[in-house]
Ligand SMILES: Cc1ncc(COP(=O)(O)O)c(C=O)c1O
């Protein structure tokens, strides 16, 4: 068999060694229990150093795929504990009020403790902090623009940044005018504006389930009702699911007014929406004049071959409003997000002005320089690699340590794992006990307006990977067992 590594690739050579052994296993060239090539053999064959192969083999050991036997070499593990993916819950038929604000407040008050192992908050850039590059770009902006960079900017956003975003959308096939973009304070403000544009208090909003709790809190804050559509842990939402949800509402029920769906990578499941489903969902919703707010904050953090395309691409009637931000790929503290809508941009700009006037000009300017230099694209490519590796490490650790009836997601991107524990486990209690042991996790209850995920937790692998993380997961598994 012809084997070679790509010396020009941005993927580290030792990662490529990991890929190679995994590939040989998947193709059946290597079977469980087989001895894998020795360090020296593989190094010679691939024309790389022995320490590089060793680093790859150590990573394979960490992933639970390979074991080292003293004086015998490395072997493919005979049994690799693989857990099932979480179950898809049943569709409910009624919309309900949310009522999660108080609980979210309590959780937030605790999870930001600096001393705790931060597995609760999803902050992907923590895995590879870009602060030095951002600081350099920010200093450059201040030295070039002086006090202008510290003043108020244009109300709908800094034009060079809107242009950079328009170029990126063009790469994804979406032709747009920068005037159709409004810069916001993070994706959360974009979602707020979109929801205020499409619905009013008392209206029913369909969301995927489990759903990012910030969206549930927003729906609650605006006095709307939520209708949860269960998501398949792998493929995300399907057009059939949405059709069934629309058709299964009782005749006396209030109709769905708008939907908020993650159209690339979902949080917390890390599911990836299939393009044909995405297109069919847009067509279905537009045929019934239902607006779709697409939340695309994790779109760039995919682990597969290519990025999911924005649902905006498939819109014929302009009822899709795209919301996203740089919070997951640059700096959440910058609070730079955007809303894209060829149809609603002027109204969105008015609402933005009324809500918060404008977003930080210095941060917008910094981001536009960072993008224009090409650094942003390079960084996001590296971040994806690091997150994918962290995901594999965390998943391997969970599979080795947690009780075998645990179900764990197989994310296609993003920075979180979703664990479905035994129904006897109360995720809220586990959250408290874990905090007492210096570990913060997100209790599953926050991800639905009902109690259906009370035995679930969400863990973030958007962290710098250390022994402490591995030990933390082990401690957590002991709590789950007890
Ligand atoms: C799915 C999802 N949407 C929106 C947001 C809000 O993003 P931002 O921090 O840019 O407001 C988050 C943040 O965690 C998220 O996970």
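Residue numbers (our numbering): 112 to 593.
C-beta: ideal position from N, C-alpha, C; glycine also.
Cβ distance (whole Å) where residue i is taken to contact residue j below 8 Å
| i | j | result |
| --- | --- | --- |
| residue 380 | residue 342 | 6 Å |
| residue 231 | residue 520 | Contact doesn't hold; Cβ gap of about 16 Å is too wide. |
| residue 233 | residue 559 | Their Cβ separation, rounded to whole angstroms, is 17 Å, which puts residue 233 and residue 559 out of contact at 8 Å. |
| residue 132 | residue 147 | 6 Å |
| residue 554 | residue 218 | 7 Å |
| residue 125 | residue 155 | Incorrect: roughly 16 Å between the Cβ atoms, too far for contact. |
| residue 276 | residue 292 | 6 Å |
| residue 271 | residue 574 | Between residue 574 and residue 271 the Cβ distance is about 33 Å, and since that is not below 8 Å, they are no contact. |
| residue 462 | residue 308 | 7 Å |
Whether residue i touches residue j by CB criterion (8 Å)
| i | j | result |
| --- | --- | --- |
| residue 324 | residue 557 | yes |
| residue 586 | residue 548 | yes |
| residue 297 | residue 149 | no |
| residue 511 | residue 571 | no |
| residue 597 | residue 530 | Outside the shown range of the chain, which is 112 to 593, sits residue 597, and nothing can be said about it. |
| residue 367 | residue 524 | no |
| residue 449 | residue 294 | yes |
| residue 369 | residue 402 | yes |
| residue 479 | residue 269 | yes |
| residue 514 | residue 441 | no |
| residue 424 | residue 284 | yes |
| residue 176 | residue 164 | no |
| residue 395 | residue 350 | yes |
| residue 313 | residue 286 | no |
| residue 238 | residue 497 | yes |
| residue 200 | residue 563 | yes |
CA nearest to the CA of residue i, picked from the options
| i | options | result |
| --- | --- | --- |
| residue 605 | 418, 540, 426 | No answer is possible for residue 605: the residues shown for the chain start at 112 and end at 593. |
| residue 493 | 513, 444, 413 | 413 |
| residue 459 | 484, 175, 134, 303 | 303 |
| residue 465 | 217, 422, 300 | 300 |
| residue 593 | 562, 533, 288 | 533 |
| residue 140 | 409, 187, 337, 448 | 187 |
| residue 352 | 308, 339, 180 | 339 |
| residue 410 | 280, 583, 166, 529 | 280 |
| residue 362 | 470, 206, 179, 394 | 206 |
| residue 221 | 543, 515, 334 | 543 |
| residue 174 | 130, 473, 286, 477 | 130 |
| residue 333 | 350, 349, 315 | 315 |
| residue 357 | 384, 400, 382, 289 | 400 |
| residue 114 | 134, 123, 163 | 134 |
| residue 196 | 536, 528, 546 | 528 |
| residue 502 | 584, 387, 536 | 584 |
| residue 383 | 408, 395, 398, 364 | 408 |
| residue 582 | 508, 247, 137, 208 | 508 |
| residue 433 | 166, 579, 445, 452 | 452 |
| residue 127 | 166, 329, 239, 454 | 166 |
| residue 475 | 387, 274, 374, 189 | 274 |
| residue 457 | 216, 235, 121, 267 | 267 |
Buried or exposed (CB count within 10 angstroms, at least 16 for buried), residue i
| i | result |
| --- | --- |
| residue 254 | exposed |
| residue 378 | buried |
| residue 634 | Any property of residue 634 remains undetermined from this structure, which presents the chain solely from 112 to 593. |
| residue 569 | buried |
| residue 223 | exposed |
| residue 427 | exposed |
| residue 577 | exposed |
| residue 60 | Nothing can be reported for residue 60, as the shown portion of the chain is limited to 112 through 593. |
| residue 392 | buried |
| residue 263 | exposed |
| residue 242 | exposed |
| residue 161 | exposed |
| residue 470 | buried |
| residue 588 | buried |
| residue 359 | exposed |
| residue 506 | buried |
| residue 355 | exposed |
| residue 347 | buried |
Which residues DSSP lists as bridging residue i, in chain order
| i | result |
| --- | --- |
| residue 367 | 315 |
| residue 406 | 373, 434 |
| residue 185 | 179 |
| residue 569 | 529, 553 |
| residue 54 | The question about residue 54 has no answer here: the residues shown for the chain are numbered 112 through 593. |
| residue 211 | In DSSP, residue 211 forms no bridge with anything. |
| residue 229 | 551 |
| residue 518 | 531 |
Residue i beta carbon near ligand 3 (any heavy atom closer than 7 Å)
| i | result |
| --- | --- |
| residue 344 | Ligands present in the displayed structure are limited to ligand 1, and ligand 3 is not among them. |
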